[in-house]
Structures are given as C-alpha cells and as structure tokens.
Amino acid sequence: MSKRVLIANEILDEKRRSGEEGVVFKIDFEKAYDHVSWDFLDHVLEKKGFSPRWRKWMRGYLSSISFAVLVNGNAKGWVKASRGLRQGDPLSPFLFTLIADVLSRMLLRAEERNASEGFRVGRNRTRVSHLQFADDTIFFSSTQEEDMWSSRVFC
C-alpha cells in the first residue's frame with residue numbers, strides 16, 4: 011500500500027473514531043496535463059521568480075507541440091497544440107506540480123480566512139485540509155457541507 015493511500019486512510023479512520031462530523035471529497039483532474047493553460051503557467055512561473063528569458067524559452071518549447079491527423083493510419087496533416095503539457099516528457103511533472111501548488115495555496119488561504127477548517131488529527135491535533143497526489147486532490151473539512159459551499163471556500 012502506498013504512503014499516500016495509508017495517510018488518507020489513517021486520517022479517515024481517526025475522524026470516524028472521534029465521532030466528529032466533516033466533509034471529505036476527492037477530485038481527479040481528468041486529463042490534467044492536457045488542460046494546462048500556457049498563459050496561466052507563464053503567470054505562475056513569473057510569480058515564482060523565473061526569468062523572462064527562461065519563461066520565453068518554456069513558451070517556445072510548449073508551443074512547438076503538434077499532432078499528426080491520421081486517416082486510415084496515414085498522416086494527413088498536422089494540428090498545433092494551444093495548451094497542455096507533453097505526456098511522457100520529464101519536465102511535465104515538474105511544471106504540473108507548480109500549477110497544483112497554486113490550488114494548495116488557495117486552500118490554505120481559505121483556512122486562514124476561516125472559510126474552511128481542515129480535520130485535526132494526531133496527538134498534536136495537526137490540521138490537515140487536503141492531500142495532493144499528482145492529479146488527484148482529497149479535501150478534508152470540518153465545516154458543514156452547506157456552510158462550505160455558501161461561504162465560497164474556493165473563491
């Protein structure tokens with residue numbers, strides 16, 4: 011059993027044992043690499059301190075992606091990509107992690123504004139609001155479901 015599954019399972023077991031109410035939901039970002047906006051990635055890279063030169067190089071690298079259109083197994087033309095990261099490219103997981111970090115920071119900010127409160131677990135009652143694994147995110151909230159949506163936790 012992988013560590014990430016074990017951690018999520020331990021959090022849920024402790025919550026059940028405590029009898030405390032809460033909300034847990036999982037989001038699987040389907041085809042996550044395919045939907046990455048290059049403009050948003052550029053913005054994230056800028057905010058993370060990457061130089062304009064490096065960002066321009068990255069934009070050129072990403073925009074060079076094109077796909078062959080196959081008809082009956084024969085290439086009949088090419089289509090240029092306008093978004094997304096290359097599947098199987100060693101750089102893609104790093105770039106996607108930068109994007110996923112934005113979601114993590116938004117969730118932590120929601121906690122700071124008291125719009126959401128994660129589960130408290132362990133002897134030290136450590137707060138856990140979410141776990142991220144590649145393109146999956148599990149959210150934990152002690153906030154009642156109705157309150158969570160009405161308070162616009164994700165805005």
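Residue numbering for the sequence shown follows this note's numbering, beginning at 11 and increasing consecutively. Glycine included, each C-beta is placed from N, C-alpha and C at the ideal position. Bear in mind the structure is a predicted one, so any value in this text is a computation, not a measurement.
First and last residue of the uninterrupted beta strand (DSSP E) at residue i
i, result
"phenylalanine 77", "76-81"
"lysine 36", "33-38"
Selected residue, minimal CA-CA separation from residue i, among the options
i, options, result
"arginine 93", "Asp49, Ile17, Leu141, Lys36", "Asp49"
"glycine 32", "Asp145, Tyr71, Asp146, Arg137", "Arg137"
"serine 231", "Trp64, Ile21, Gly59", "No answer is possible for residue 231: the residues shown for the chain start at 11 and end at 165."
"glycine 29", "Lys57, Pro100, Val131", "Val131"
For residue i, the residue or residues it bridges with in DSSP
i, result
"threonine 136", "Val131"
"tryptophan 88", "Ala78"
"glutamine 97", "For glutamine 97, which the question treats as bridged, DSSP gives no partner whatsoever."
"threonine 147", "Ile37, Gln142"
Same chain, Cβ closer than 6 Å to residue i, neighbours up to 5 away in sequence not counted
i, result
"phenylalanine 77", "Val89"
"aspartate 105", "Before going on, a small fix: residue 105 reads as leucine here, not aspartate. Counting only Cβ-Cβ distances below 6 Å, and skipping sequence neighbours, we find Leu95."
"leucine 166", "Only positions 11 to 165 of the chain appear in the structure, and residue 166 is not among them; the question remains open."
7 Å Cβ shell around residue i - same chain, five flanking residues per side excluded
i, result
"glutamine 142", "Ala110, Ser114"
"glutamine 97", "Tyr43"
"glycine 87", "Val79"
"leucine 72", "Trp48"
"arginine 69", "Trp48, Asp52"
Proximity of residue i and residue j at Cβ, strictly below 7 Å
i, j, result
"valine 46", "leucine 95", "yes"
"serine 139", "glutamate 121", "yes"
"isoleucine 37", "threonine 147", "yes"
"phenylalanine 129", "lysine 25", "yes"
"arginine 65", "aspartate 52", "yes"
"isoleucine 75", "alanine 91", "yes"
"phenylalanine 60", "aspartate 145", "no"
Extent of the continuous alpha helix (DSSP H) run through residue i
i, result
"glycine 70", "62-73"
"serine 102", "102-122"
"aspartate 44", "That residue, aspartate 44, is in no alpha helix (DSSP H); it is neither H nor E in DSSP."
"serine 28", "13-28"
Residues near residue i in its chain [Cβ-Cβ closer than 8 Å; skip 5 each side]
i, result
"leucine 118", "Ser139"
"serine 102", "Tyr43, Leu95, Arg96"
"glutamate 127", "Glu121, Arg137, Ser139, Ser151, Ser152, Thr153"
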